[in-house]
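A.B. asks:
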Amino acid sequence: MRTVYFILRKEFKQIFRNKALLPLIFVAPIIQLLILPLAADYEVKNINLAVVDHDKSSYTQKLISKITSSGYFRLSGYFNSYDEAFHQIEKDEADLILELPSNFEKKLIRENHEQVFIAVNAINGTKAGLGGSYLVQVLADFNSQIRLDWIQPPRFREQAQIEITSSNWFNPLMNFRYFMVPGILAILVTMIGSYMTALNIVKEKEIGTIEQINVTPIRKHHFILGKLIPFWVLGMFVFSIGLFGVSFLIYGIVPQGNLFLLYGFLAIYLVAVLGFGLLISTYCDTQQQAMSVAFFFVMIFMLMSGLFTSVDSMPMWAKVISQLSPVTYFIEVMRMIVLKGSDFNDIKFHFVIIGGFAILLMSWAILNYRKTT
Amino acid sequence: MDYSVEVKNIKKTYQAGKEIVTALHGISFDVKQGELFGLIGPDGAGKTSLFRILTTVLLPDGGSATVNGFDVVKDYKKIRNCVGYMPGKFSLYQDLTVEENLSFFATLFNTTIEENYELIKDIYVQIEPFKTRRAGKLSGGMKQKLALSCALIHKPAVLFLDEPTTGVDPVSRKEFWEMLKRLKQQGITIVVSTPYMDEATLCDRIALIQQGKILSIDKPEKITKSFPHQLYAIKSAEIYQLLKDVNAFENSLSCYAFGEYLHLIFKEEHDNRETDLLKFLKMRDHSDIELKPIDASIEDCFIELLK
């Protein structure tokens, strides 16, 4: 154990002496956590709307001002014909065309129904889908409003109607950041843990110091412990900065669940991540190789672990990949504990799986790490 | 125990793509206790493979070896406690200071700098003024002294030095060999490898090694004495033309450049050989010819053994 202490002392000295690495470990995650959630926002705003109003009545005026006042749409202009408006889409200056027929107001009052035409630029799928449905919602709203203006509702309704009201649980304001920040924090901790471990050990190989270490009577597990503990501590530390310093103080996200439970899970998760880093280092001889391999996996983790897109809506093959990634479980647990306040019973399944990952990755790495070739 | 290092028929092969490269073809030799033993051979001769096997970081494919009485495969843990190894490449922590490196390696062997200070004093005093400097910022010669100090800090019984003087200036090289002599006086067995033939004479015994085979093992002076021919050194004003002409001479067995002279062996060592050659060369317009019999050096023996 004394040997482990000496290796630890040496490792920490080296980490704190590395003037290029230190800011990368401590400052970069904070900056990323500040910037990424702001950009990764699924709410579509600033949809450019081209209006072709053949009616020019007070109703169409009302409708258009209702649409623009919703905050999601920006009027790119009024046009006299559909072709003119379509030209705007071609120039990428409009995303949606709303065409209101002539006699819109008259027909609506006299015949009690009228049709409007919506054309959507579908190049950006998300924007098209959401923009179209926002517009339909506004139209529906407008529809029921004018009906309210006209008729006194009868005392007894002729037809039974179901009105839907919804309430958003766990994230009442549907604040997208509440969803993204815990997930991004999980990814950052994963990146730091795996990159730093892999690079640190490969660096010893590259410089040749491992050769000098290998001829000493130092035990294999002492060396590995001395290498992994610093990054386990760093992972915990960076996570805490992210959770309290950025997530709580800046985004105002108050973890709903038990913090000890969260840290307990993180402790095991970090073992899995460090095992992953160690595993990479045993297969690589240069830092360049290690970096490329680690980057390849982190990229998959980032895109396939349900950070940006829901795992449930992935095709079967992608779901399998996502279930093979330990990051998926950590992101889920982060969101469950921080947003939902889940307790141990809710995440015991996750605990078992991440424990399995930790044992598997660590033993694979240790078996593959040989002192004697 | 008479022998510090015993090597019996050690074999090592590497897989390089589809080809199998043999680095060591069954090598055997012994190193006596307290001896300064040199492994002399060009790059790629298998010196480093042999060192790595003896320091237990590489497993041999065949044969057996003991260091300080311990088997390199079975008792590798015991060997690691009693050998010092200085790899050819500087492999200490560049971002730690001189003192930190030394005390780190001392602690790995469960000892302290103070405990074995006597042993390294001679070497360490020279770099002690820079003990707060990072190892990466030291000059080549100082790095080498630090590496030697680190390899000695646990008072090893056997010291393995893999090409310690490669890439070091002549003055530091000379200093380094003097340090080795002093260490030898303290009873440490030293096995050193080098590609420089001139360093061979500084060893007690040497093994000439080439392409994984040992060509000859003996004391340096015995090896040079066993040179089977009379060697001549020759030079003239036009050294390059001279080499061509001497090789064209019918009675010359071999002739090669060696410093400012050419070294020459005759095919038939009859009495008129010198005058015959001089006559032959004068006919070819050589001036300032100097021809003299000399003693063979290790390098000459090496070249002879390679034939």
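Line order of the protein sequences matches chains A and B. Residue numbering for the first sequence follows my numbering, beginning at 1 and increasing consecutively. Residue numbering for the second sequence follows my numbering, beginning at 1001 and increasing consecutively. For glycine and all other residues, C-beta sits at the position ideal for the given N, C-alpha and C.
#1: Using a cut-off of 7 Å between C-beta atoms, extract the partners of P217 (chain A) located in chain B.
#2: Terminal residues of the continuous beta strand (DSSP E) containing Y283 (chain A)?
#3: Using the C-alpha atoms, what's the distance from L279 (chain A) back to W387 (chain A)?
#4: Can you confirm whether K205 (chain A), when its beta carbon is compared against all beta carbons of chain B, has any partner nearer than 8 Å?
#5: Measuring straight from C-alpha to C-alpha, what distance separates H221 (chain A) and F6 (chain A)?
#6: So S1091 (chain B) contacts chain A; which residues on that side make the cut at Cβ distance below 7 Å?
#7: For S57 (chain A), collect the residues of the same chain with a Cβ closer than 7 Å to its Cβ; drop the 5 residues on either side in sequence, then sort them by chain order.
#8: Given a cut-off of 8 Å on the beta-carbon distance, is the pair F1090 (chain B) and A1147 (chain B) in contact?
#9: For I396 (chain A) versus I366 (chain A), is the C-beta spacing smaller than 8 Å?
#10: Give the straight-line distance between the Cα atoms of T1055 (chain B) and V1158 (chain B), rounded to the nearest whole angstrom.
#11: Looking at I109 (chain A) and F73 (chain A), is the spacing between their C-beta atoms short of 8 Å?
#12: Find the nearest neighbour of Q1185 (chain B) within the set B:E1035, B:V1191, B:L1050 and B:L1202, judged by alpha-carbon distance.
#13: Candidates A:M299, A:M180, A:L339 and A:K10: which alpha carbon is nearest I35 (chain A)'s?
#14: Give me the residue from B:E1178, B:D1198, B:E1274 and B:Y1076 with the minimum Cα distance to I1053 (chain B).
#15: Would you say K13 (chain A) reaches chain B, if we count a Cβ-Cβ gap shorter than 8 Å as a contact?
#16: Are the beta-carbon atoms of G1141 (chain B) and D1162 (chain B) separated by less than 8 Å?
#17: Any residues in the region 16-36 of chain A with a beta carbon nearer than 8 Å to a beta carbon of chain B? Which ones, in chain order?
#18: Is H1229 (chain B) helix, strand or coil when you go by DSSP?
#19: Name the DSSP beta bridge partners of C1082 (chain B), please?
#20: Identify the contact partners of F239 (chain A) in chain B, using a Cβ-Cβ distance below 8 Å as the criterion.
#21: Would you grab the beta carbon distance between T1048 (chain B) and G1084 (chain B) for me? Rounded to a whole angstrom, and I think it's under 8 Å.
#22: What whole-angstrom Cβ distance do L1039 (chain B) and S1172 (chain B) have, given they're in contact under 8 Å?
#23: Any idea what DSSP makes of A1248 (chain B), helix, strand or coil?
#24: In chain order, what residues of the same chain have a beta carbon less than 8 Å from the beta carbon of S325 (chain A), not counting five sequence neighbours either side?
#25: What in chain B is Cβ-close to T286 (chain A), meaning under 7 Å?
#26: If you compare alpha carbons, which of A:E111, A:D83, A:C284 and A:S144 is closest to A119 (chain A)?
#27: For T1132 (chain B), is the classification buried or exposed, using 16 other Cβ atoms within 10 angstroms of its Cβ as the cut-off for buried?
#28: Among all the DSSP beta bridges, which residues are the ones paired with Y1240 (chain B)?
#29: Quickly, what does DSSP pair Y1003 (chain B) with across the bridge? List them, please.
#30: Curious, which full-length alpha helix (DSSP H) runs of at least 4 residues does the region 1166-1192 of chain B contain?
#31: Under 8 Å between C-beta atoms, does D1095 (chain B) make it to chain A?
#32: Which residues of chain B have a Cβ atom closer than 9 Å to the Cβ of T3 (chain A), listed in chain order?
#33: For the structure I just gave you, are there three or more beta carbon pairs, one from the region 1098-1118 of chain B and one from the region 1012-1026 of chain B, closer than 8 Å?
#34: In this structure, what does DSSP give as the bridge partners for F1258 (chain B)?
#35: With a threshold of 8 Å between beta carbons, is T1166 (chain B) in contact with chain A?
#36: Does the distance from the CB of D1043 (chain B) to the CB of V1005 (chain B) come in under 8 Å?
C.D. replies: Looking at the atomic coordinates:
#1: Looking up residue 217 (chain A) in the first sequence gives position 217. Here the neighbours are K1077, R1080, N1081 and F1109.
#2: For this step, residue 283 (chain A) is matched to residue 283 along the first sequence. First-last for Y283 (chain A): L259 to Y283, but that is the alpha helix (DSSP H), not the beta strand (DSSP E).
#3: This structure does not reach residue 387 (chain A), given that chain A is present from 1 up to 373, and the question cannot be answered.
#4: Taking the first residue of the first sequence as 1, we reach residue 205 (chain A) at position 205. Closer than 8 Å: no.
#5: The residue you call residue 221 (chain A) lines up with position 221 of the first sequence. The residue you call residue 6 (chain A) lines up with position 6 of the first sequence. When rounded, the distance between both Cα atoms is 14 Å.
#6: In the second sequence, counting from the first residue as 1, residue 1091 (chain B) sits at position 91. Neighbours of S1091 (chain B) on chain A, chain order: I207, G208, T209, E211 and Q212.
#7: Start at 1 with the first residue of the first sequence, and residue 57 (chain A) comes out as number 57. So the qualifying residues of the chain are F104 and E105.
#8: To locate residue 1090 (chain B), count along the second sequence from 1; it is residue 90. To locate residue 1147 (chain B), count along the second sequence from 1; it is residue 147. Yes; because the gap between Cβ atoms is below 8 Å, this pair is in contact.
#9: Summary: the structure shown does not reach residue 396 (chain A), with chain A confined to residues 1 through 373, and so no result is reported for it.
#10: Within the second sequence, the letter at position 55 stands for residue 1055 (chain B). Within the second sequence, the letter at position 158 stands for residue 1158 (chain B). T1055 (chain B) and V1158 (chain B): Cα-Cα distance of roughly 10 Å.
#11: For the purposes of this step, residue 73 (chain A) is identified with residue 73 of the first sequence, where counting begins at 1. For the purposes of this step, residue 109 (chain A) is identified with residue 109 of the first sequence, where counting begins at 1. It is not a contact, given that the beta carbons lie outside the stated cut-off.
#12: Working through the second sequence from its first residue, we reach residue 1185 (chain B) at position 185. Measuring from the Cα of Q1185 (chain B), the nearest candidate turns out to be B:E1035.
#13: Within the first sequence, the letter at position 35 stands for residue 35 (chain A). Selected option, being the one with the closest Cα: A:M180.
#14: As a working note, residue 1053 (chain B) is residue 53 in the second sequence. Closest option to I1053 (chain B), Cα to Cα, is B:Y1076.
#15: As a first step, residue 13 (chain A) is located in the first sequence; it is residue number 13 there, counting from the start. With 8 Å as the cut-off, K13 (chain A) counts as an interface residue toward chain B.
#16: Mapped onto the second sequence, residue 1141 (chain B) falls at position 141. Mapped onto the second sequence, residue 1162 (chain B) falls at position 162. No.
#17: R17 and N18
#18: Walking along the second sequence from the start, residue 1229 (chain B) turns up at place 229. Coil.
#19: To locate residue 1082 (chain B), count along the second sequence from 1; it is residue 82. Answer is none; C1082 (chain B) lacks a bridge partner.
#20: In the first sequence, the residue the question calls residue 239 (chain A) occupies position 239. Those do not exist, as F239 (chain A) stays about 26 Å from chain B at its closest Cβ, beyond 8 Å.
#21: Counting from 1 along the second sequence, the entry for residue 1048 (chain B) is found at position 48. Counting from 1 along the second sequence, the entry for residue 1084 (chain B) is found at position 84. About 16 Å; that fails the 8 Å criterion.
#22: For the purposes of this step, residue 1039 (chain B) is taken as residue 39 along the second sequence, with counting starting at 1. For the purposes of this step, residue 1172 (chain B) is taken as residue 172 along the second sequence, with counting starting at 1. Actually they do not touch by this definition, with Cβ atoms about 21 Å apart.
#23: For this step, residue 1248 (chain B) is matched to residue 248 along the second sequence. Helix, per DSSP.
#24: Position 325 of the first sequence, counted from the start, is the residue given in the question as residue 325 (chain A). Closer than 8 Å at the Cβ level, and outside the excluded window around S325 (chain A), lie I300, F301, M304 and S305.
#25: Numbered from 1 along the first sequence, position 286 holds the residue referred to as residue 286 (chain A). The contacting residues do not exist; T286 (chain A) stays about 14 Å from chain B at best.
#26: Numbered from its first residue, the first sequence carries residue 119 (chain A) at position 119. Of the listed residues, the one whose Cα sits closest to A119 (chain A) is A:D83.
#27: On the second sequence, position 132 is the one that residue 1132 (chain B) refers to. Exposed: under 16 other Cβ atoms inside 10 Å.
#28: Here residue 1240 (chain B) refers to the residue found at position 240 of the second sequence. In DSSP, Y1240 (chain B) forms no bridge with anything.
#29: Working through the second sequence from its first residue, we reach residue 1003 (chain B) at position 3. B:K1032.
#30: 1170-1185
#31: As a position in the second sequence, residue 1095 (chain B) is number 95, starting the count at 1. Yes, its Cβ sits closer than 8 Å to a Cβ of chain A.
#32: The sequence position of residue 3 (chain A) within the first sequence is 3, counting from 1. Those are T1107, L1108 and N1110, listed as they occur along chain B.
#33: no
#34: By one-based count along the second sequence, residue 1258 (chain B) stands at place 258. B:Y1261.
#35: Taking the second sequence and counting its residues from 1, one reaches residue 1166 (chain B) at position 166. Not one chain A Cβ lies under 8 Å of T1166 (chain B).
#36: Sequence index remark: in the second sequence, residue 1043 (chain B) carries index 43 (1-based). Sequence index remark: in the second sequence, residue 1005 (chain B) carries index 5 (1-based). For D1043 (chain B) and V1005 (chain B), no; Cβs fall outside 8 Å.
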